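Numbering-wise (the numbering used here), the sequence shown opens with residue 107 and increments by one.
Even glycine gets a Cβ: it sits at the ideal position worked out from N, Cα and C.
Note that this is a predicted model, so its numbers are computed, not measured.
Below: the structure, in structure tokens.
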Amino acid sequence: MQDEIEMIVATDNWRVANIKDIEQSTVGDLLEVFMNTGVAHVPVMEATGINELRLRGLFSFAKVKRLLADMAGTIGQTQLKKAG
């Protein structure tokens with residue numbers, strides 16, 4: 107039970123990204139955030155016209171790493187086919 111409690115983080119302590127910053131960022135920028143903060147997820151928020159925040163998405167460090175590994179494998183296979 108204690109492990110479950112430690113996994114819950116109060117929203118006041120969330121590290122969030124602004125959607126406008128994400129639109130100008132690279133995957134490398136996102137990886138840097140994950141590596142420097144040690145978080146597993148980064149919520150992406152957008153401010154509405156009435157100063158409310160709306161959740162627009164959620165980045166997962168594990169998912170980003172998996173996608174990059176898949177891309178690296180695909181690129182490597184393509185290069186091997188061209189060389190062979």
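Cα-Cα separation between residue i and residue j, rounded to whole angstroms
i	j	result
residue 118	residue 132	26 angstroms
residue 176	residue 125	25 angstroms
residue 130	residue 180	26 angstroms
residue 174	residue 143	19 angstroms
residue 171	residue 156	36 angstroms
residue 162	residue 128	11 angstroms
Residue i, DSSP secondary structure in three states
i	result
residue 158	coil
residue 145	coil
residue 139	helix
residue 122	coil
Residue span of the alpha helix (DSSP H) that contains residue i, given as start and end
i	result
residue 127	125-129
Contacts around residue i, its chain only, beta-carbon distance under 7 angstroms, and the 5 residues preceding and following it disregarded
i	result
residue 153	159
Chain-order list of residues whose beta-carbon lies under 6 angstroms from that of residue i (same chain, five-residue window excluded)
i	result
residue 146	167
residue 123	148, 150
Assigned exposure category for residue i - 16 Cβ within 10 Å defines buried
i	result
residue 148	buried
residue 262	Since the first and last residues shown for the chain are 107 and 190, residue 262 lies out of range.
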